[in-house]
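Input: a single structure, listed below in structure tokens.
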Ligand SMILES: Cc1ncc(COP(=O)(O)O)c(C=O)c1O
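Numbering (the numbering used here), first residue to last: 849 to 1192.
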């Protein structure tokens, strides 16, 4: 099977498995787990933030960020296709007790004028104040689109002028940095807090890091506990994360090249499927509308040909490249797709 459903399918490397076996352990919620502390220090350093907290998932990292930044009843402004609105089961309202307003955007970047108009510096007797501005890079539903640094800077400046904090869901932060050819710190400097996942293209089995100021992370640890996210002897997971940060970031550009190869080949089959210029990182969104068939049918048919892809919505498939997908796999997947496309 050629598995293009997600970069979360990546298996830990041999070096990760070895470091997991040898990890020094402690109780993360008592005296601390030394390996977790090392991972957190490394994550803070890599994002240029003062501190970081290890979280079981990206979903929890985002939820903890919402709880830590914003008080109940406030409003969160974020791009309308954000992962947290589509795929995090409403934690933003159900758990954090926040309202949200989806801001229209292009390629995952909020329209800054629309953001400015939606922003309310304070709660008044008539209007709920903005509690948080929230970005996502790379942007999942926008096909791995990278927020331009000037956009992030503008959003951050606008929020700051109004004393509103900014959180960024950087589940694939290092993919964004690789695509921009900058250090991840350059991306993270335009947000007060950022989270990233080690469980995706970086190939560690589990976990995400939430990074921000020391005071923010201290409070975040309390909310993590509230959500049941204390992990005790999490050293083995953190050990894999350390190897991920030390050895797996450099190779992400390879996944981007593979994705571009895929997008170009699909574009040659039919230009309506995707625009190769949109394949900025490791996600390719493929529009199958022209076939008149549901994305679920496409993924079921591709499966019979040994290719796994995820439907992104009724008309689109999501192909994600990662460490286990070679250029030859991409060519095989494209051939399978081309056969079905001709048939339908
Ligand atoms: C942009 C984005 N944010 C958050 C998450 C959630 O991460 P997790 O699956 O670790 O909860 C994902 C997962 O795919 C994602 O793509």
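Ideal Cβ placement from N, Cα and C applies to all residues, glycine included.
These figures come from a predicted structure and were not determined experimentally.
query                                                                                                                        : result
N- and C-terminal bounds of the beta strand (DSSP E) containing residue 1159                                                 : 1158 to 1161
Option nearest residue 852 by Cα separation, candidates 977, 1171, 1062, 895                                                 : 1171
Three-way DSSP call (helix, strand, coil) for residue 852 in this model                                                      : coil
Residue closest to residue 1029, alpha-carbon to alpha-carbon, out of 1124, 1104, 1039, 969                                  : 1104
Three-state secondary structure (DSSP) of residue 1114                                                                       : helix
Proximity below 8 Å, CB of residue 992 to CB of residue 1130                                                                 : yes
CB-CB length for residue 936 against residue 916, believed under 8 Å                                                         : Not really, about 16 Å apart at Cβ, beyond 8 Å.
Bridge partners - residue 950, DSSP secondary structure assignment                                                           : 926
Test item: CB-CB of residue 923 and residue 956 under 8 Å                                                                    : no
DSSP bridge partner residues for residue 982 (one or two, in chain order)                                                    : 926, 1015
Residue range of the alpha helix (DSSP H) that includes residue 1093                                                         : 1083 to 1095
Beta-carbon proximity of residue 850 to residue 1181, cut-off 8 Å                                                            : yes
Same chain, Cβ closer than 7 Å to residue 1192, neighbours up to 5 away in sequence not counted                              : 1139, 1141
At least three beta-carbon pairs within less than 8 Å, the region 1042 to 1051 to the region 1087 to 1096                    : yes
Cβ separation of residue 1158 and residue 989, assumed to be a contact under 8 Å, to the nearest whole Å                     : At roughly 12 Å, the Cβ-Cβ gap does not stay under 8 Å, so residue 1158 and residue 989 are not in contact.
6 Å CB neighbourhood of residue 1014 in its chain, flanking five on each side removed                                        : 981, 1004, 1007, 1039, 1040
Residues of its chain near residue 939, where Cβ-Cβ distance is below 8 Å and the 5 sequence neighbours each way are ignored : 907, 910, 911, 914, 932
Contact under 8 Å by Cβ, residue 901 with residue 1058                                                                       : yes
Check whether residue 1050 and residue 1071 have beta carbons under 8 Å apart                                                : no
Distance between residue 952 and residue 1087 (C-alpha atoms, nearest Å)                                                     : 40 Å
Simplified DSSP state of residue 1147, which is helix, strand or coil                                                        : helix
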